Amino acid sequence: MSKELINAIVMLSRPLQVRSPGVILRLFLVAAMLFLHAMPELEASVLRRGTNDELPTFDPQYVVGNSAGAIMYDLFEGLVTRAPDGALEPAIAESWTISEDGTVYTFRLKRNARWSDGTEITAGDFVYSFKRMLDPQSGTRGASALFPVLNATAISVGEKPVDSLGVKAVDPATLEITLEGPAPYFISLLASYSNAPVPAHVIEVHGRKWTQSGTMVTSGAYTLGKVVTNTYYQLVRNPHYHSADTVSIEEVFYYPVPSPTTSLKRYLAGELDVILNIPFNQYDNLRETRPGEFRIARGIGLGYLSINNTVPPFDDIRVRKALSLAIDRDVIVEKLLKTGDEPAWSVVPTAIWKGPAEPPAFSRMSPGERLAEARRLLSEAGFERSNPLRFTFMFSPVERDRRLAVAYRSMWKQAGVEAELETVGMRALMKKAADREYQVMRLTYYAIFYDPVSFFALIRGDSFRNYSGYSNADIDRRLAIADTIRSNEERTAYLREIEQLVMDDFPVIPSHFQSRAFLVSKRVEGWTDSTAPKMARDLSIREGP
36 MSKELINAIV MLSRPLQVRS PGVILRLFLV AAMLFLHAMP ELEASVLRRG TNDELPTFDP
96 QYVVGNSAGA IMYDLFEGLV TRAPDGALEP AIAESWTISE DGTVYTFRLK RNARWSDGTE
156 ITAGDFVYSF KRMLDPQSGT RGASALFPVL NATAISVGEK PVDSLGVKAV DPATLEITLE
216 GPAPYFISLL ASYSNAPVPA HVIEVHGRKW TQSGTMVTSG AYTLGKVVTN TYYQLVRNPH
276 YHSADTVSIE EVFYYPVPSP TTSLKRYLAG ELDVILNIPF NQYDNLRETR PGEFRIARGI
336 GLGYLSINNT VPPFDDIRVR KALSLAIDRD VIVEKLLKTG DEPAWSVVPT AIWKGPAEPP
396 AFSRMSPGER LAEARRLLSE AGFERSNPLR FTFMFSPVER DRRLAVAYRS MWKQAGVEAE
456 LETVGMRALM KKAADREYQV MRLTYYAIFY DPVSFFALIR GDSFRNYSGY SNADIDRRLA
516 IADTIRSNEE RTAYLREIEQ LVMDDFPVIP SHFQSRAFLV SKRVEGWTDS TAPKMARDLS
576 IREGP
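The opening residue of the sequence shown carries number 36 in this note's numbering; numbering runs sequentially from there.
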């Protein structure tokens, strides 16, 4: 919403006092003209969503950050997808078989699978895309999502040629993927947008400019329409999508609105139908005033503090453990968040394990006992009242993160720690995380696929999501062994052991298992509070007022 429009609305909302009818009429005209100029024409089949930030790219193999998910899932679809309830279901793949030893997956593609330009999607497109993802020269960000594939890890670090990747187009409609060893979670992994195909026939002509409006070709229910920088992205229903006849919404407009306050104002003004970026201090009010619109999705997410293990004094386990001990997770969840989140003593959410993990011994200590132990560890590491531990704590501009940052700082202060707070824009924050140009920062991680291994990406040595720089060859070796265990029960038990070993090192500080709050207009139908991505293809717009 423009400044002029906001001012006009504010003026109109004030008491009339002695304002003349002519002034009132002019204000109404100004507000109406500005509103019509700022917003595309609203039709019954249009969905308007707010997003937290601008996207640096529309390439699914390069984009990172939680804000990208909804847009990417609307534009791109891979072999499998998630139903609204979170269940896996076929997408571009019609069916698949798995060899007896669990290492060879053979996919049959849908006969009507088409790119948005009408070109047939073939097995060769997946071969091209997976090789592009893993090519160390490409600079893509999601290579670790394909590491179960034969030779993928070696290719990603330049130890083997790209053509040795275990993917093969048996024929245009048959894709064969060979794994290094059994990976029970592999099908789930393929549901990620980063593993969707990208169009070789377009990229080879346009290079990195293939994602520009008018050029971009997609595999999902929507394709890219008009892009107005800093204003909106228009997505248009893809008529060549294999299930186009089931897609009700014709257009989706995504509006980058970094400010939660502005995001809420635009929603309440009727400019946006769905927002995720909501002022945290408005949660209680919205529960009461908009009970049918304020929705909590039980996301499979982890709110955590990433510690840069590669720089002193955070390379000292005593310092990392002290910072973790000083945090009162019950206060964070029950007094501050109050959104159904759970205290986190480990990195893998209980929803993934299908039950709580064994909490560490220190979780059974009283808050006072934990603080005393934190002070002892800091003293042992050389930090006293006269020489306190000082560092900069970074977090995003989201109000929820700001309040959490203030709470963490207060808790650390009780242990004699001085934390300076620094707000960093989301895109810049993620870059600093990737480059390890920070000391401690607040981050959120949501499962890419529904398996404990997804969360081990935070600490696996070869993962680009390992922002902490934690490196433990024994843990990496054990994770590789876990991939070979066929029994789900035995594998789960083994992964729980690995998680305990990881948490004994305190590479990161789990804070809480995080849910997601949305505001969803009553005109939107089909919304669910499941953990699945909220895709426009599964929604519809209610007719009438």
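Positions of the beta carbon are idealized from the N, C-alpha and C atoms, including for glycine.
Keep in mind it's a predicted model, so treat the numbers as computed, not measured.
Which of the three DSSP states, helix, strand or coil, is assigned to residue i?
i, result
"TRP447", "helix"
"ASN507", "coil"
"ILE222", "helix"
"TRP562", "coil"
"MET168", "helix"
"PRO423", "coil"
"ALA128", "strand"
"VAL452", "coil"
"THR311", "In the sequence under discussion, the amino acid at residue 311 is Leu, which differs from the Thr named in the question. Three-state DSSP puts LEU311 in coil, outside helix and strand."
"ILE156", "coil"
"ALA416", "coil"
"VAL346", "coil"
"GLN96", "coil"
"SER283", "coil"
"ASP206", "strand"
"TYR276", "coil"
"ILE133", "strand"
"ILE362", "coil"
"VAL382", "coil"
"PHE329", "strand"
"LEU574", "coil"
"TYR108", "helix"
"SER191", "helix"
"LEU270", "strand"
"SER398", "helix"
"LYS569", "coil"
"LEU439", "helix"
"PHE63", "Low per-residue confidence applies at PHE63: pLDDT is 40, beneath 50, and the placement is therefore not dependable enough to give any value."
"LEU554", "strand"
Using a 10 Å radius around the Cβ and a threshold of 16 neighbouring Cβ atoms, would you call residue i buried or exposed?
i, result
"GLU310", "Per the sequence shown, residue 310 should be read as Ile rather than Glu. Classification for ILE310: buried."
"GLN535", "exposed"
"LYS557", "exposed"
"LYS230", "In the sequence under discussion, the amino acid at residue 230 is Asn, which differs from the Lys named in the question. The residue in question, ASN230, is buried, as its Cβ has 16 or more Cβ neighbours within 10 Å."
"LYS356", "buried"
"GLU323", "exposed"
"ARG364", "buried"
"ASP120", "exposed"
"THR458", "exposed"
"ASN312", "buried"
"PRO171", "exposed"
"THR345", "exposed"
"ARG420", "exposed"
"PRO295", "buried"
"GLU286", "buried"
"GLU306", "buried"
"PRO568", "buried"
Can you tell me which residues form a DSSP beta bridge with residue i?
i, result
"PHE430", "THR458"
"GLN549", "GLY336"
"GLY85", "TYR290"
"VAL162", "Looking at the DSSP assignment, VAL162 forms no beta bridge with any residue, so it has no partner."
"GLU323", "GLU323 is not bridged to any residue."
"VAL354", "None; VAL354 has no bridge partner."
"THR116", "GLU124"
"LEU144", "ALA128"
"ARG149", "GLU155"
"GLN317", "GLN317 is not bridged to any residue."
"GLU377", "PHE548"
"VAL139", "THR213"
"SER341", "MET476, VAL543"
Please find out if some non-hydrogen atom of the ligand SAH comes closer than 7 Å to the beta-carbon of residue i.
i, result
"ALA492", "Within the structure as shown, the ligand SAH is missing, as the structure has no ligands at all."
Task: Inter-stretch contact at 8 Å, needing at least 3 Cβ pairs: the segment 147-158 / the segment 191-210 - done: yes
Task: Complete alpha helix (DSSP H) runs within the segment 210-264 (minimum length 4 residues, chain order) - done: Listed in chain order, the alpha helix (DSSP H) elements of length 4 or more contained wholly in the segment 210-264 are 221-224, 235-241.
Open item on the list: What ranges does the alpha helix (DSSP H) occupy inside the segment 475-541, keeping only unbroken runs of at least 4 residues that lie completely in it?
Closed with: 487-490, 508-517, 523-538
Open item on the list: So, does the segment 134-153 touch the segment 251-258, judging by three or more C-beta pairs under 8 Å?
Closed with: Between the segment 134-153 and the segment 251-258, the count of Cβ pairs shorter than 8 Å is three or higher; the stretches touch.
- [ ] Report yes or no: do the segment 281-295 and the segment 82-90 share at least 3 C-beta pairs separated by less than 8 Å?
- [x] yes
Open item on the list: Between the segment 501-509 and the segment 447-459, can you find at least three pairs of beta-carbon atoms closer than 8 Å?
Closed with: no
Open item on the list: For the structure I just gave you, are there three or more beta carbon pairs, one from the segment 552-566 and one from the segment 92-108, closer than 8 Å?
Closed with: no
Open item on the list: Whether or not the segment 431-451 and the segment 475-488 are in contact is what I'm after, with contact meaning three or more pairs of Cβ atoms, one per stretch, closer than 8 Å; do they touch?
Closed with: yes
Open item on the list: Does the contact criterion of 3 or more C-beta pairs under 8 Å hold for the segment 126-143 versus the segment 332-342?
Closed with: no
Open item on the list: Closer than 8 Å is the cut-off here; do at least three beta carbon pairs connect the segment 362-378 with the segment 562-571?
Closed with: no
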